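Taking it in order: structure first as structure tokens, then the write-up.
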Amino acid sequence: MRKVRGLLILAAILALLLSQASTVQSASSIAQDRALTFITDVFELDMTRYNAKLATYSVDYPSELGGIQQEHVKYDLQASESTAAAFFSFNNGTLTACSISVITGSLLYAQPSANTLDRAGGILDKYQTYTGKSDLKEMIDLLKMVEGNKNETKTLGNIKIEVVNDAYHTSFDWKYTFNSVDYNAVSIIFQDSGIFFSDYLSLYKIGKTDVNISKEQAIDIAMKYVETYSYTGVVSSGGKEVIVEISGFNITKELTKANLATNFREPLTLYPCWNIELYLDQKQPYANYTYPSGVYALYVRIWADSGEVFSCTPLAVGGLISDGESVSSPLTQDENNTAQPLDANMLAAIAVVVIIGAVIMSAVAYKKRSK
């Protein structure tokens, strides 16, 4: 009888796996449906002419985003005169980005537009219907203030739009501005090779926007901080590479750069900060590299409301040096951190087979025990 109970428990566990597989399948179907709805209703592609085939679906839970569910969907779009690949990113079930890359031909739209300005306006208007977001109306109104065929910036209240035109693309970027700090909101980019859309604030939120530290104060704080700062570098000694702690920096103060930006104080919440670049023994930026590991500057980040240093990293030829002495590391999205889940149908099929087998084994064992 104990063996029968064990088999029944196994069957219950496998039934739970089947339920979870169904949940994964359901989430996958929802994301896929929303992706197709987006390119049909928002981008207004003519899906009567395209054959859309699901290419990939993956899910991960990046810790730097607080462990939220992040889904990635790719569709291959095929028509007689056009082929393209559509990529989608969903966070907690909400679409945050979509890009369509043209492979052959050009994109086929249900309603043609005279220019990228009209196309951007149509996308934003349809996106408002798609999401129901009321704040998009101000962005739509702001778009009507630009010509769309030249580089320009317009502001309406706390929202501004930046339009960039060059030989390769036309971009429309909407940003919220508080105390001279920009917070990315919506971006639409047109290229011959495709189109890109993102809504940053469907994923991130804006925390306190206070800027209590001036540029001069931020530079002074950074200068004071690096007096006791050190990083681990590599030097050559006797034909061998030796790891040493580097400290005692000479700062070329007249080359110092300070810019207001944003960073994450907690997952998914942006706060204003100062990014300070302190150049080391440089007559001009990047002129020479006098410190081990090719370090030419220190990159200090300071919260603009409190003046607290939250990161200090050496800048070297080729980029940042990962340094254990940094106060903290920036929270950035790891685009490569995607895990392809087991196929839900396969998992469900396996679970069904094993459950049926367990039930049969239980019945046989019970009959034998009864005899």
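Numbering-wise, our numbering puts 81 at position 100 of the sequence shown, and it's gapless, one number per residue.
Backbone N, C-alpha and C define an ideal beta-carbon position, used for all residues, glycine too.
All values reported here derive from a predicted model rather than from experimental measurement.
* Decide if GLY113 is buried, meaning its Cβ has at least 16 other Cβ atoms within 10 Å, or exposed. => Per the 10 Å Cβ criterion, exposed.
**Asked** Hey, ASP22 and LYS107: beta-carbon distance below 8 Å or not?
**Response** Yes, the pair counts as a contact, with Cβ atoms nearer than the cut-off.
(request) Can you give me the Cβ contacts of GLN172 inside the same chain, cut-off strictly under 6 Å, excluding the 5 residues immediately before and after it? (result) Excluding sequence neighbours, GLN172 sits near HIS150.
task = Under 8 Å by Cβ, that's how I've got TYR111 and ASN139 pegged, so tell me the actual separation to the nearest angstrom.
result = No, TYR111 and ASN139 are not in contact; Cβ-Cβ is about 23 Å, not under 8 Å.
Counting C-beta neighbours from all protein chains within 10 Å, is the total for GLN263 16 or more, i.e. buried, or is it exposed? Buried.
#### Entry: Buried versus exposed, by CB contacts within 10 Å (16 or more), TYR185
When all chains shown are included, TYR185 counts as buried.
Item to complete: Give the range of the alpha helix (DSSP H) segment to which LEU124 is assigned.
Response: Here the alpha helix (DSSP H) through LEU124 covers 117 to 124.
Check your understanding: So which of ASN231, ILE202 and GLN13 has the shortest CA-CA distance to VAL290?
Key -> Residue ILE202 is the option with its Cα nearest to VAL290.
If you reduce the DSSP assignment to three classes, tell me which class ILE11 lands in. Here ILE11 sits in helix by DSSP.
Requested in this report: Can you check DSSP and say which residues form a bridge with ASP163?
Outcome: Bridge partners of ASP163: THR158.
CA-to-CA distance, LEU46 to LEU89, given in whole angstroms = Per the coordinates, the alpha-carbon of LEU89 lies some 35 Å from the alpha-carbon of LEU46.
Check: Between PHE245 and LEU236, is the Cβ-Cβ spacing less than 8 Å?
Finding: When the beta-carbon positions are compared, PHE245 and LEU236 stay at least 8 Å from each other.
Exposed unless 16 or more other CB atoms sit within 10 angstroms - verdict on ALA12: That one is buried.
So, for GLY175: in the same chain, excluding its five sequence neighbours on each side, which residues have a beta-carbon less than 6 Å away from its beta-carbon? Sequence-distant partners of GLY175 (beyond 5 residues in either direction) whose C-beta falls short of 6 Å from its own C-beta, in its chain, are ILE81, SER82 and VAL83.
Inter-residue Cα distance where the pair is GLY188 and SER179:
Straight-line Cα distance between these residues: approximately 20 Å.
_Could you compute how far the alpha carbon of LEU76 sits from the alpha carbon of ALA36?_
Taking the straight line from one Cα to the other gives about 18 Å.
* Residue span of the alpha helix (DSSP H) that contains GLY74, given as start and end -> Counting along the chain, GLY74 falls outside any alpha helix (DSSP H), and DSSP gives it neither H nor E.
> Span of the alpha helix (DSSP H) holding ARG100?
Replying inline: Segment 97 to 112, the alpha helix (DSSP H) holding ARG100.
Practice prompt. Report the rounded CA-to-CA distance for ILE194 versus SER287, giving the unit in angstroms.
Written response: One C-alpha to the other measures close to 7 Å.
Please report the distance separating the alpha-carbon of SER70 from that of ILE49.
Going by the C-alpha atoms only, they are around 13 Å apart.
*asked:* Quick check on this structure: which residue in PHE68, GLY275 and GLU258 has the alpha carbon closest to the alpha carbon of VAL207?
replied: The candidate whose alpha carbon is nearest that of VAL207 is GLU258.
Less than 8 Å separating the beta-carbons of VAL215 and GLU226?
The answer is no: Cβ separation not under 8 Å.
message = Using CA atoms only, rank isn't needed, just tell me which of TRP255, GLY86 and THR294 is closest to SER228.
response = It is THR294 whose Cα lies nearest to the Cα of SER228.
So, helix, strand or coil for PHE69, using DSSP?
PHE69 falls in the strand class under three-state DSSP.
**OP:** Within its chain, find whatever has a CB closer than 8 Å to the CB of SER211; leave out the 5 residues flanking it on each side and keep chain order.
**Re:** In its chain, beyond the 5 residues on either side, GLU226, ILE227, SER228 and GLU306 have a beta carbon closer than 8 Å to the beta carbon of SER211.
Checklist entry - Between which two residues does the alpha helix (DSSP H) harbouring GLN198 extend? => result Here the alpha helix (DSSP H) through GLN198 covers 196 to 207.
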